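As you go down the protein sequences, you meet chains A and B in turn. Our numbering applies: residue 47 is where the first sequence begins, and numbers increase by one. Our numbering applies: residue 38 is where the second sequence begins, and numbers increase by one. For reference, the structure is listed below as structure tokens.
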Amino acid sequence: AQSVTQPDIHITVSEGASLELRCNYSYGATPYLFWYVQSPGQGLQLLLKYFSGDTLVQGIKGFEAEFKRSQSSFNLRKPSVHWSDAAEYFCAVANRDDKIIFGKGTRLHILP
Amino acid sequence: GAVVSQHPSWVICKSGTSVKIECRSLDFQATTMFWYRQFPKQSLMLMATSNEGSKATYEQGVEKDKFLINHASLTLSTLTVTSAHPEDSSFYICSAREGKGPISIQYFGAGTRLSVL
């Protein structure tokens, strides 16, 4: 069965520091991978997606993610975080039934 | 980008009453809409998939008589929580997909917080 693992429940970084959020997936075929961000009490906003091609994907708000098939990973990165980046981040994979399976999320805290 | 409007954003109701939540795609036609439930500090769990003009497909463990879904048009899907009880209190989020397949992105509403007293 398909699954997504986000090993870090909470991550705290200082404003201006770099960020990496980890995501591992389990899927038999070529995965369709996503990163979403959710601000408190809000819906989800798509940051970026990977379907095929270049394994380094650029997204909105300065985020990028790299697909590594050998490691079954799709980690999210940002070179310099801003206080407004504090939110919940969800990694997700789409399965053959076109359903999105979400990880449990990583809450990002930003120190001033 | 595409916008999905969800209404209401917050609703409080008495136990035993029914609550209807609307999900609208504002600037595109959504052949498929999805309804999710999110418990505090947890991930989104897919409840059902709704295709315009046909019956919704419910995920295992979701009571279809409890959570009534109607997708009467290409821009509107509704979720009705019937005879709500405190355990139904949760954050409900809808999403809408334009086109077919995972290549088509899901656009999410802002969610509805349901509190059942």
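Positions of the beta carbon are idealized from the N, C-alpha and C atoms, including for glycine. Note that the coordinates shown come from a computational prediction; the quantities given were computed from them, not determined experimentally.
| Asked | Found |
| --- | --- |
| Per DSSP, which one or two residues make a beta bridge with Gln128 of chain B? | Per the sequence presented here, residue 128 of chain B reads as Phe, with Gln not at that position. Paired residues: B:Gln75, B:Arg150. |
| Expressed to the nearest angstrom, what Euclidean distance is found between the alpha-carbon atoms of Thr115 of chain B and Tyr129 of chain B? | 12 Å |
| Name the chain B residues whose beta carbon is nearer than 7 Å to that of Ile146 of chain A? | Gln143 |
| Does Gln97 of chain B get closer than 8 Å to chain A when you measure Cβ to Cβ? | no |
| So which residues of chain B does Gly151 of chain A contact, with C-beta pairs closer than 7 Å? | Ser80 |
| Are three or more beta carbon pairs between the stretch 70–81 of chain A and the stretch 90–105 of chain A nearer than 8 Å? | yes |
| Is the distance from the Cβ of Leu157 of chain A to the Cβ of Ser60 of chain A below 8 Å? | yes |
| Just to confirm, is the Cβ distance from Ser80 of chain B to Phe148 of chain A under 8 Å? | yes |
| Determine the contact status of Leu111 of chain B and Thr68 of chain B, defining contact as a CB-CB distance below 8 Å. | yes |
| What's the call for Leu154 of chain B, buried or exposed, on a 16-neighbour Cβ count within 10 Å? | exposed |
| Hey, could you find the ends of the beta strand (DSSP E) Val139 of chain A is sitting in? | 133–140 |
| For the stretch 47–131 of chain A, which segments carrying the beta strand (DSSP E) assignment without a break, of at least 3 residues, lie completely within its bounds, in sequence order? | 49–51, 56–60, 65–67, 70–72, 78–84, 90–96, 102–104, 110–114, 119–124 |
| Can you name the start and end residues of the beta strand (DSSP E) that Lys150 of chain A belongs to? | Careful: Lys150 of chain A lies outside any beta strand (DSSP E) and carries neither H nor E. |
| Nearest-angstrom Cα distance between Ala138 of chain A and Lys51 of chain B? | 35 Å |
| For Gln84 of chain A, is the classification buried or exposed, using 16 other Cβ atoms within 10 angstroms of its Cβ as the cut-off for buried? | buried |
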